[in-house]
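*Asks:* Residue numbers (the UniProt record's numbering): 1 to 327.
(1) Could you check where the alpha helix (DSSP H) with residue 95 kicks off and where it finishes?
(2) Please report the residue range of the alpha helix (DSSP H) in which residue 153 lies.
(3) Below 7 Å CB to CB, which residues in the same chain sit around residue 41 once its five sequence neighbours on both sides are set aside?
(4) Considering only residues of the same chain and omitting the five flanking positions on each side of residue 220, which have a CB-CB separation below 7 Å?
(5) Just to confirm before moving on: does the CB-CB distance between residue 183 and residue 231 stay below 8 Å?
(6) Between the alpha carbons of residue 261 and residue 71, how many angstroms are there, rounded?
(7) For residue 48 and residue 114, which I take to be in contact (beta-carbon distance under 8 Å), what is that distance rounded to the nearest angstrom?
(8) Identify which residue in 290, 106 and 274 has its Cα closest to the Cα of residue 212.
(9) By Cβ distance, which residues of its chain are closer than 6 Å to residue 201, with the 5 residues on each side in sequence left out?
(10) Counting C-beta neighbours from all protein chains within 10 Å, is the total for residue 146 16 or more, i.e. buried, or is it exposed?
(11) State buried or exposed for residue 311, treating a residue as buried only when at least 16 other CB atoms are found within 10 Å of its CB.
(12) When you compare only the Cα positions, how much space is there between residue 108 and residue 185?
(13) Taking the C-alpha atoms as reference points, what is the distance between residue 241 and residue 280?
(14) Kindly list the residues whose CB is nearer than 6 Å to the CB of residue 259, restricted to its own chain and excluding five residues on each side of it in sequence; keep chain order.
(15) Take the Cβ of residue 257 as the centre, count every other Cβ of all protein chains shown within 10 Å, and call the residue buried at 16 or more, exposed below.
(16) To the nearest angstrom, how far is the alpha carbon of residue 278 from that of residue 76?
(17) Spatial neighbours of residue 144 within its chain, please: CB distance less than 6 Å, with the 5 preceding and 5 following residues excluded, ordered by chain position.
(18) Look at residue 318 and residue 246 and say whether their C-beta atoms are less than 8 Å apart.
(19) Distance check for residue 322 and residue 60, CA to CA, integer angstroms please.
(20) Do residue 276 and residue 265 have their CB atoms nearer than 8 Å?
(21) From residue 177 to residue 84, what does the alpha carbon distance come to, in whole angstroms?
(22) Distance, Cα to Cα, residue 97 vs residue 168?
(23) Quick one: is the Cβ of residue 53 within less than 7 Å of any heavy atom of the ligand ADP?
(24) Any idea what DSSP makes of residue 179, helix, strand or coil?
(25) Does the beta-carbon of residue 46 have 16 or more other beta-carbons within 10 angstroms, so that it is buried, or is it exposed?
(26) Measure the alpha-carbon distance for residue 162 versus residue 111 and round it to whole angstroms.
(27) Quick check: what's the CA-CA separation for residue 330 versus residue 284?
(28) Give the single residue among 271, 120, 315 and 58 whose Cα lies nearest to the Cα of residue 243.
(29) Leaving out the 5 sequence neighbours to the left and right, which residues in its chain are closer than 7 Å to residue 52 when beta-carbon positions are compared?
(30) Output needed for residue 331: all residues of its chain with C-beta closer than 7 Å, excluding positions within five of it in sequence on either side, in chain order.
(31) Let me make sure I understand the geometry here. Which of 188, 122, 209 and 63 has the alpha-carbon closest to that of residue 222?
(32) Applying the 10 Å Cβ sphere with the 16-neighbour rule, what's the burial state of residue 171?
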């Protein structure tokens with residue numbers, strides 16, 4: 001039998017690795033992102049970098065760890081290869097198992113996916129109102145602006161989770177007490193707080209309990225996003241407009257849902273006052289009680305524990321003075 005030549009023996013391993021490389025490259029499947037709606041940089045991507053990377057001691061403009069700043073589009077794009085997440089150092093850092101970023105808490109898969117899709121779509125500095133896809137803006141959820149008012153008005157009421165009652169040992173009137181209630185940062189589904197507020201009406205474990213109304217879905221989504229972004233004790237500027245024509249649907253409903261409806265809904269509303277729809281809010285305004293209450297000049301300041309912002313109060317005043325328009 002003829003022995004194989006030395007050249008053949010030397011080339012055989014090379015051919016094997018070439019073939020393996022061919023199949024590895026040929027079998028790689030990248031997801032088709034063409035049908036996905038555009039990701040908005042300002043309201044979906046930037047908040048992730050700001051809350052998880054650009055904080056003091058890390059990649060903020062004042063700290064600039066390793067010379068890297070990630071607090072704006074101009075800085076973030078320096079570490080992005082447009083259209084190619086695999087070659088983007090910022091994206092590779094959040095996937096790294098050797099030196100992961102953020103170092104103390106890996107980003108959840110949902111947030112990594114948002115960044116990846118944004119890069120693959122061209123990593124543009126997009127604004128939600130210019131995308132043109134009818135996609136609602138998604139804002140950074142902050143504890144003091146978006147979560148605490150809901151906890152105070154819908155949960156920390158007398159007979160429930162206020163400081164004196166502490167039903168089932170749970171208090172929900174401050175950041176510390178809310179975190180102690182069973183909030184698992186970055187994991188809404190593992191957070192008892194989120195699970196009980198998102199249950200179906202009629203479920204025995206839903207909070208607030210019957211006969212109180214279930215929290216509006218927009219409020220539940222905001223709490224979910226706050227947890228998903230790390231459940232931090234942050235204050236954010238409140239978007240507030242007093243220059244446009246102030247109406248019930250656009251300007252008052254968000255404030256009512258986060259700060260009033262929790263107490264003034266269901267079968268046993270506080271003081272017998274319902275504030276769940278336009279007719280009920282108009283009736284309260286016509287009674288002369290609504291404006292003094294939100295202004296904290298009446299007998300019963302509302303919300304009882306946390307005042308509305310001056311701008312929110314001014315919206316109620318302008319709406320009342322201008323005839324209480326609905327839309």
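Even for Gly, the Cβ is constructed at its ideal location relative to N, Cα and C. The structure presented is a predicted model; accordingly, all values stated were derived computationally and were not measured.
*Replies:* Result, derived from the coordinates:
(1) Translated into the one-based positions of the chain shown, residue 95 becomes position 95. From DSSP, the alpha helix (DSSP H) with residue 95 extends over 89 to 95.
(2) Here residue 153 is taken as the residue at index 153 of the chain shown, counted from 1. Element bounds for residue 153: 148 to 154.
(3) Position 41 of the chain shown, counting from 1, holds the residue named residue 41. Cβ neighbours of residue 41 beyond the five flanking positions: 73, 118, 124, 125 and 126.
(4) Taking the chain shown and counting its residues from 1, one reaches residue 220 at position 220. Counting only residues of its own chain and dropping the five nearest sequence neighbours on each side, residue 220 has a CB closer than 7 Å to the CB of 197 and 198.
(5) Taking the first residue of the chain shown as 1, we reach residue 183 at position 183. Taking the first residue of the chain shown as 1, we reach residue 231 at position 231. It is a contact, given that the beta carbons lie within the stated cut-off.
(6) Position 261 of the chain shown, counted from the start, is the residue given in the question as residue 261. Position 71 of the chain shown, counted from the start, is the residue given in the question as residue 71. Between residue 261 and residue 71, the C-alpha separation is close to 36 Å.
(7) Translated into positions along the chain shown, residue 48 becomes position 48. Translated into positions along the chain shown, residue 114 becomes position 114. With 8 Å as the limit, residue 48 and residue 114 qualify as a contact, their Cβ atoms being about 7 Å apart.
(8) Here residue 212 refers to the residue found at position 212 when the chain shown is read from its first residue. Of 290, 106 and 274, the smallest CA-CA separation from residue 212 is found for 274.
(9) On the chain shown, residue 201 is found 201 positions in, with the first residue counted as 1. For residue 201, where only same-chain residues beyond five positions count, the Cβ hits under 6 Å are 214.
(10) Translated into the one-based positions of the chain shown, residue 146 becomes position 146. So residue 146 ends up on the buried side.
(11) Your numbering for residue 311 matches position 311 in the chain shown. Flag for residue 311 reads exposed.
(12) Position 108 of the chain shown holds residue 108. Position 185 of the chain shown holds residue 185. Between residue 108 and residue 185, the C-alpha separation is close to 10 Å.
(13) The residue you call residue 241 lines up with position 241 of the chain shown. The residue you call residue 280 lines up with position 280 of the chain shown. Between residue 241 and residue 280, the C-alpha separation is close to 23 Å.
(14) Working through the chain shown from its first residue, we reach residue 259 at position 259. Short of 6 Å from the beta carbon of residue 259, and not among the five residues preceding or following it, lie these beta carbons of its own chain, in chain order: 149, 153 and 303.
(15) Here residue 257 is taken as the residue at index 257 of the chain shown, counted from 1. Buried.
(16) For the purposes of this step, residue 278 is identified with residue 278 of the chain shown, where counting begins at 1. For the purposes of this step, residue 76 is identified with residue 76 of the chain shown, where counting begins at 1. If I take the Cα positions, the gap works out to 44 Å.
(17) By one-based count along the chain shown, residue 144 stands at place 144. Within the same chain, residue 144 has close Cβ partners 235.
(18) Position 318 of the chain shown, counting from 1, holds the residue named residue 318. Position 246 of the chain shown, counting from 1, holds the residue named residue 246. Yes, they are a contact pair.
(19) Indexing the chain shown from 1 puts residue 60 at position 60. Indexing the chain shown from 1 puts residue 322 at position 322. So the two alpha carbons sit approximately 44 Å from each other.
(20) As a working note, residue 276 is residue 276 in the chain shown. As a working note, residue 265 is residue 265 in the chain shown. Their beta carbons are under 8 Å apart, which means residue 276 touches residue 265 by this criterion.
(21) Here the question's residue 177 lines up with position 177 in the chain shown. Here the question's residue 84 lines up with position 84 in the chain shown. Straight-line Cα distance between these residues: approximately 43 Å.
(22) The residue given as residue 97 occupies position 97 in the chain shown. The residue given as residue 168 occupies position 168 in the chain shown. For residue 97 and residue 168, the distance between alpha carbons rounds to 41 Å.
(23) In the structure shown, the ligand ADP is absent, as is every other ligand, since no ligand is present at all.
(24) Taking the first residue of the chain shown as 1, we reach residue 179 at position 179. In the three-state scheme derived from DSSP, where H, G and I count as helix and E and B as strand, residue 179 is classed as helix.
(25) In the chain shown, the residue the question calls residue 46 occupies position 46. Label assigned to residue 46: buried.
(26) What you label residue 162 is simply residue 162 of the chain shown in a count that begins at 1. What you label residue 111 is simply residue 111 of the chain shown in a count that begins at 1. Residue 162 and residue 111: Cα-Cα distance of roughly 34 Å.
(27) The question about residue 330 has no answer here: the residues shown for the chain are numbered 1 through 327.
(28) Sequence index remark: in the chain shown, residue 243 carries index 243 (1-based). With distances taken between Cα atoms, residue 243 lies closest to 315.
(29) In the chain shown, residue 52 corresponds to position 52, counting from 1. For residue 52, same chain residues with a beta-carbon under 7 Å away, outside a window of 5 residues either side, are 102, 107 and 230 in chain order.
(30) Summary: the structure shown does not reach residue 331, with the chain confined to residues 1 through 327, and so no result is reported for it.
(31) Looking up residue 222 in the chain shown gives position 222. Taking each of 188, 122, 209 and 63 in turn and checking the Cα distance to residue 222, the smallest one comes out for 188.
(32) On the chain shown, residue 171 is found 171 positions in, with the first residue counted as 1. Around the C-beta of residue 171, 16 or more other C-beta atoms lie within 10 Å, and the residue is accordingly described as buried.
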